[in-house]
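Notes follow once the structure below has been shown.
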Amino acid sequence: MRLRAVWIIAVNKEVSLPLFSRQFSTVETCCKSMFGDEYVGIPPDESFVKALHTEVGLIDAGTFVESRDRCNKPALYPTLEVSLKENKSLWPVVVLENHGLMYCAMPLIPQEMVTQQDKSDISVADLPGISMAVEALTGLIQCVSLTASMTSLTPALTLKLHQFVNTCMPFGSVMCSNPALMSQLINPLGKAKAKQPLWNPVLHKGKSQVVIHVKEEVRCMQFNHSEVRDAIDVYGSVICKSEVEGTVPEICTTLVQPGGNGGLTVNPAVSSVEYTTTTSRLRFRPCNNQPLCHYTLPHLTEAPIYGAYRLRLNNSLATLCMQLQLRAGIKNNFQQLEVQFPFPGLQVSIVRPSPSVGSVSVQSGSTLVWNIGSKFPTKSLGATLNAVCKLRRKTECSSEQQIDGGDVNGWEQYINSCALVLFKIADYTYSGTRVDPQSIVVSTAPKVRCSVTSECVSSQFKVWNSEGEVPVVADMPVQELQNLLIK
Amino acid sequence: MSEGDISCLHRNLSSLGLGCVSENTDTFSGLLDQLIKILLEEKGSKKFTLKYNVAIFIELESAALIFSAADVELIFATFKNVFQDCTKENYPFLQGQCLLSMTSVLMQAFEKVVEEEITVLFTEHVEFLFSLIKQTNNVNNIHVRSIAASCLSEIELFFPQILKDYVDSLYTAAVAETSIAHQSYMSLLALIINHSFADKIKASSLRGKYLIVQQKYSFIPQEVDTAIMGYPDLKEMLSFLVDQLPLCSTEGASWIAIQIIDMMLQRPDLQASAQVLKPLVLHFSSTYSPLAAHVVFLLEKHLGHLIFQEKDMIQLLQQLLLNSSHPSMSPPVRLLFLDWLSDLLIRRPEKINNIQNICFFFPGSFDGPETHLIKLKLLSSVLKIGKESSGVLLQTLASLQKQLKYKSSTKLKSALVKVLYRFLCDHCTLVMCTEVPRILVDITMEDISFTPYVLNFTQCVQDSFPKLSVPSCILTSLVMEFTQPESTATLATFHFVLDIFLMAIMQNICQPKVILNYLMKYVVCEEVCGLLNWTVGHQILSLCYKMMSNYDTVEFFYELCEVLKMFMANCEDVDLFDRAHIYHSLLVSLSNKKLKEVLVSPKQSIMASENTLLSTSSICRLDEPILQLKKEKRVIYSTEQCIPERILDVPEADILQLHTRQLSFVAKKPLIIKGRLNTTSKFVVKLQPIQALAIFFNAPESWGRIEPIMIGHYTKKNSDDYSELSHIVDIECFLCKPYPAIIQVCAEFSIKNVCYVCNLEPLTLDLPHFFQPLPVHDEYISASTIWRRALFSILWDSLEEKSVTAENTAFTSVCVLQQSREGLKRKLSEELEDCIVEDSKGQLLKSLHPFVCHCTCNNRKTTGQMKISVFWVVALCSLVYVNQRFRGHTASVIRAF
């Protein structure tokens, strides 16, 4: 259960070196000894980045690559088998993507698993090293905030990452993945009567304080299609930041979900959950920097905003009409409210925009953006955009894309498109999920300063063109499967 | 070290802000000295970060920095020094790093130096770490003690069972410790106990590898007896470990729990205490953390019958279902839970009845290709084989097919063929065998770029299930579709169609006549043929070749003749024309039997390399060279030596005139440098015999040219016999301006009828390589020494004269070479023996064509009194290593010259 190496790599095939890479030389020596002749060493950074870019489809995106696309290649997600030169490969490489960067780790796993020729029978369920790699990478993501535009790191950021690795995962053994605790682990509390937990290395002096934030997200696919049902997911996370007294403090809070609770999955710091029909009472130890729990509410099937999108193409002239309707009862006060109409690979110029509210502009050459403002008109709770656009193909479209994109001579393909609705509402959750500040109790502190905030944001809120085809199928053979399983 | 490793080392230096260190050093030992110097510099907060960075760098690159036991001792002594200094100033960060770096260096040292040499150091280090651990509840070094325990864990992982006698004292320390260091203590304790249960040390472990560690340490018992006897308070220790888990981080708790599970699997008698792990099941049963959830999963898998009740089982199932479809989770985490769920349902199929919402099994609107693939794979593995199951599975593909129709993406295509392959493997029913080809053909007809995926699918099915008719169904249908007049193929995509035809022909599953008629009508006709590119043209001809070699040509003689004739008439490329012409001639002039003999037998046939033309790249490029060409040491090969020396009177007046005349003749002759051709470590015996080897040199035009080297046959009997393959070759240089140059070298050769190309290491030619002895006039060949001496003194006088004239065509300068007299003399004798005209006491007389040199030596250092052209200065510098600046300066003068 040790890591052989970790990398941070840009999701950009032009960047040929990792932003950060760290190999554990002692683990590598053990690995070499364990594997003998079948040992595959970790290649130099450039070669690894290139091989990984190929494996994830950044390089040779439109072509068939046998080592990656062959039909008998075992699917062992979330691990990848990265093909190297001379018919060798590295497995398992765990990859997490975050903000345009790939965080990768390679755990050391038993030899017989790695060298097994036919990996189709392998299950990653037998390899806890992979779960450990996922935890380590989650910690690495939180350790420093990096963005996709970065091509290299400053020595200060590199040093911070090395410090995190050496403190929390010495020799590749992950002992703690919460970077928020790093500095406290180095200068922890001195002598105490009772054993000091690792998750609370320093005693808090001062007033106890608990800050809870509920972030709810709505993702949606609206088709306006008689045969295909719309899809919607309402889900969220509760984040709790606490500074409380005591050696082994315990916090209690109640999550209220008026529509009924369900789909609650919690941080390992939560010791117990008591459910009623609409509430969940959580008892937990401080777990700063990590979500306290995630919830999902499958019973919510109506979207907060209903959209209807029609796009017609007359060769390169696009006529589009977008109608949005806010559901009654939804807080009509947005921090962000806009609709994006992406036309990938095309240049867009607006001929005649006529929005009922807000303004229309073109971003990055290929996306039409309708900024509605901070609210829908109070009376109608609806907004409409009619626009005519001129589309032009980008000249630098490569032959690779042309083949992959099918017949590029016709404009018909662009009819199958969607609009993205982006919104953000502060101090509000669509599902009504909230945390009652009065319910917050800290076992070791009689008085606690509490603060509760919330927000509701859109995530993949797509409205498909009702004039085009939709990428989903009407029905799945639910009944037939049910019958088969009962048999 | 490879180039990649060196560049990585330099990148690590600069990323840690130590770029300045590498600028001042060329060698690894020099680098280590610099780093040690930084570590030993005076104390102070400013130096803290620098020292910390250096310590990290040494940990990262320990393998590259150690060459001897002395290096290890030096690093250890330095870190100990830094460690003790930090104690006074309280820098736990740096102290911890010192321990990590020391341990890392020590472990690496076992790989790099003789193990006996580090025995004492290893023992001392282990005892030092233990002495730290024993300082329980010392508030000043909590972090350092945590790291010390981690270091010991690493040593135990390196050499299993090495620390097992320390269990009791470690247990006492772990119980007593109240600071956060207890987690590291507990982890170490759990690891040592677990290792002590192993029956014997694995031969592949490092402990098994190093005898010294296995036998000679006083603190290691010779007999493995603890496993049999057991620790008297083992159960107490386990209870202690489990009780303390809530105080550990999730990762620490999971790590210890997994060690305990492992212990229970190795020692079934401990399973009676399995109930102590039940609180873990309850605590982690609703978590989203992959590691914590994995502990629950492993408990169910290995000890489920002891601690899992039905409700726990249902809870685990529900949690796996929830986590594997929870929108808040990132896709990799969802896929991880999905894999475990699949494992659980395959092991316990009856649990499927507990799944209330079976819609879970179907891919959703938001699922990507990977999730589609894994969900459908799961469904395929849980359904029993049958007609109805096949029907349901095929219906579930609709979503993937629809997405593919909507957006052509590599990932979707790859996922679809992988799913279909899995379906066919798991449910090889009649329905499946009929429907899978239909689906694949339909998609290929809509999107021809799907062809390589279908062909790969066909090949894989053919290999795994040779009796199945699926591959032939697919290929027959595809050939039929693409030979229709309304075929969707265009010029840009026609190579896909040819791939299909070729595979169908190779597998003997279609009538060549159909393909030939199609080619005749739509491809090799006048309007289209000229538009075909070179690769497609060769693909068509490869197809014709395969038809000729695989089928009886009588059946389609007329059609094939027509295709080849039309091809010859309409193609514009000479290469294609020639190939088509050869095929046509063979076809019309040979009987079917003779044709097969010519085409099929690879040993006799010049067409044997046809196979290579099946792929679009007919030449294979090797990224790593398998051959190397090195310069041989300068050899005196003059024929003059065979002629006995005579004393002849050389008329001094004519010497210069004769010499000038001869120079023009000599200049036309090539300069021959001897080279040794050998194989590299990438060469394997099966890569031979190498035939038709041609080595090409790419020299700058202004410099001159080197003739290619041609070798007919190059072979080696076994991999150990290196002398077998070592060939001496003549590198013939025709020089225009003989300045130092790096010549690019590439080799082309053929192995088993496959043509290979690879770049060899560049050939570096420095000035000394161009020097030749002063030419001797033919008439005086038997008195070469006398001739050269005379010519030298005349040339020298002539130069001196020129140096004092107004034009100053020869330069005069004095420089001191940092080389002892003996050293210079030896160097010159070694490198330019054949050029020496006279070597008298205290004076070296050198004569070199076309330059001359006169070196005067004093007793200690060589003072070169050189009235010579600048070329020679560079040559001399390259021999005796004067400082870089001087060399650089001179080199720039040369370029200007």
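Chains A and B, in that order, are what the protein sequence lines are.
This note's numbering applies: residue 1 is where the first sequence begins, and numbers increase by one.
This note's numbering applies: residue 1001 is where the second sequence begins, and numbers increase by one.
Every residue, glycine too, gets a C-beta built ideally from N, C-alpha and C.
Treat the numbers as computed from the prediction; the structure is a model and nothing was measured.
query, result
"Would you say D118 of chain A reaches chain B, if we count a Cβ-Cβ gap shorter than 8 Å as a contact?", "no"
"With contact counted as at least three CB pairs below 8 Å, one residue from each stretch, are the stretch 159 to 169 of chain A and the stretch 1111 to 1125 of chain B in contact?", "no"
"For a contact defined as C-beta to C-beta under 7 Å, what are the partners of Q1403 of chain B on chain A?", "P471"
"Express the C-alpha separation of P1775 of chain B and E1707 of chain B in angstroms, rounding to a whole number.", "23 Å"
"Looking at chain A, is there any beta carbon in it that lies within less than 8 Å of the beta carbon of Q1318 of chain B?", "no"
"Cβ of S366 of chain A less than 8 Å from any chain B Cβ?", "no"
"Leaving aside the five residues before and after T1396 of chain B along the sequence, list all residues of the same chain whose C-beta is less than 7 Å from its C-beta, in chain order.", "F1362, L1376, L1379"
"With 8 Å set as the bound, which would you pick, yes or no: does the beta-carbon of S271 of chain A sit closer than that to a beta-carbon of chain B?", "yes"
"Contact criterion: CB-CB distance below 8 Å. Does C31 of chain A meet it with respect to chain B?", "no"
"Thinking just about the alpha-carbon of each residue, which of B:A1063, B:S1153, B:H1143, B:E1156 is nearest to the one in F1110 of chain B?", "B:A1063"
"At 7 Å on the CB atoms, spell out the chain B contacts of M1 of chain A, in chain order.", "W1255, I1258"
"Show which residues of chain B have a CB atom less than 7 Å away from the CB atom of H162 of chain A.", "I1056"
"Going along the chain, which residues of the stretch 1361 to 1383 of chain B sit with their C-beta nearer than 9 Å to a C-beta in chain A?", "F1361, F1362, P1363, G1364, S1365, F1366, E1370, T1371, L1373, I1374, K1377, L1379, V1382, L1383"
"Please list the partners that Q460 of chain A has in chain B, where partner means a Cβ-to-Cβ separation under 9 Å.", "F1366"
"Note the first and the last residue of the continuous beta strand (DSSP E) segment covering S237 of chain A.", "231 to 243"
"Quick one, which residues of the stretch 1164 to 1190 of chain B are near chain A if we go by CB-CB under 9 Å, in chain order?", "E1177, T1178, S1179, I1180, A1181, H1182, Q1183, S1184, S1187"
"Below 8 Å between beta carbons is the criterion; list the residues of the stretch 1405 to 1417 of chain B that meet it against any residue of chain A, in chain order.", "K1405, Y1406, K1407, S1408, S1409, T1410, K1411, K1413, S1414, V1417"
"Need the endpoints of the beta strand (DSSP E) that F423 of chain A sits in, please.", "418 to 426"
"How about S1153 of chain B and L1106 of chain B: do their beta carbons lie closer than 8 Å?", "no"
"Would you check if the distance between the CB atom of L181 of chain A and the CB atom of I122 of chain A is smaller than 8 Å?", "no"
"May I ask you to report which of helix, strand or coil DSSP gives W1340 of chain B?", "helix"
"Have a look at the DSSP bridge pairing and note the partners of P353 of chain A.", "A:A387"
"Put E1707 of chain B into one of helix, strand or coil per three-state DSSP.", "coil"
"Determine the burial state of W1255 of chain B: buried for a count of at least 16 other Cβ atoms within 10 Å of its Cβ, exposed for fewer.", "buried"
"Here's the rule I'm using: 16 or more other beta-carbon atoms within 10 Å means buried, otherwise exposed. How should N1508 of chain B be labelled?", "exposed"
"Mind checking whether L1400 of chain B and H1372 of chain B have CB atoms under 8 Å apart?", "yes"
"Please list, in chain order, all residues of the same chain as W1340 of chain B whose beta carbon is under 7 Å from its beta carbon, the five residues on each side excluded.", "F1297, L1320"
"Within 10 angstroms of the Cβ of W1534 of chain B, are there 16 or more other Cβ atoms? Answer buried if so, exposed if not.", "exposed"
"Within 10 angstroms of the Cβ of R1860 of chain B, are there 16 or more other Cβ atoms? Answer buried if so, exposed if not.", "Residue placement at R1860 of chain B cannot be trusted, given a pLDDT of 44 that sits under 50; what the coordinates show is reported in the next sentence. Result: exposed."
"Looking at chain A, which residues of the stretch 1141 to 1155 of chain B have a Cβ within less than 7 Å of any of its Cβ atoms?", "I1142, H1143, I1147, S1150, S1153, E1154"
"Within the 8 Å Cβ cut-off, does K195 of chain A reach chain B?", "yes"
"What separation, rounded to the nearest whole angstrom, lies between the Cα atoms of K1846 of chain B and I1673 of chain B?", "With a pLDDT of 40 at K1846 of chain B, under the threshold of 50, the modelled position of that residue is not reliable, and no figure is offered here."
"My guess is that T1446 of chain B and K1405 of chain B are in contact by the Cβ rule of under 8 Å, so how many angstroms apart are they, rounded?", "In the sequence as displayed, the identity of residue 1446 of chain B is Glu instead of Thr. 7 Å between Cβ atoms; contact."
"Using a beta-carbon distance below 8 Å, is Q237 of chain A in contact with chain B?", "Here residue 237 of chain A turns out to be Ser, not Gln, going by the sequence shown. So, interface residue."
"At a Cβ threshold of 8 Å, is C1433 of chain B touching chain A?", "no"
"Could you confirm whether any beta carbon from chain A is found closer than 8 Å to the beta carbon of P1768 of chain B?", "no"
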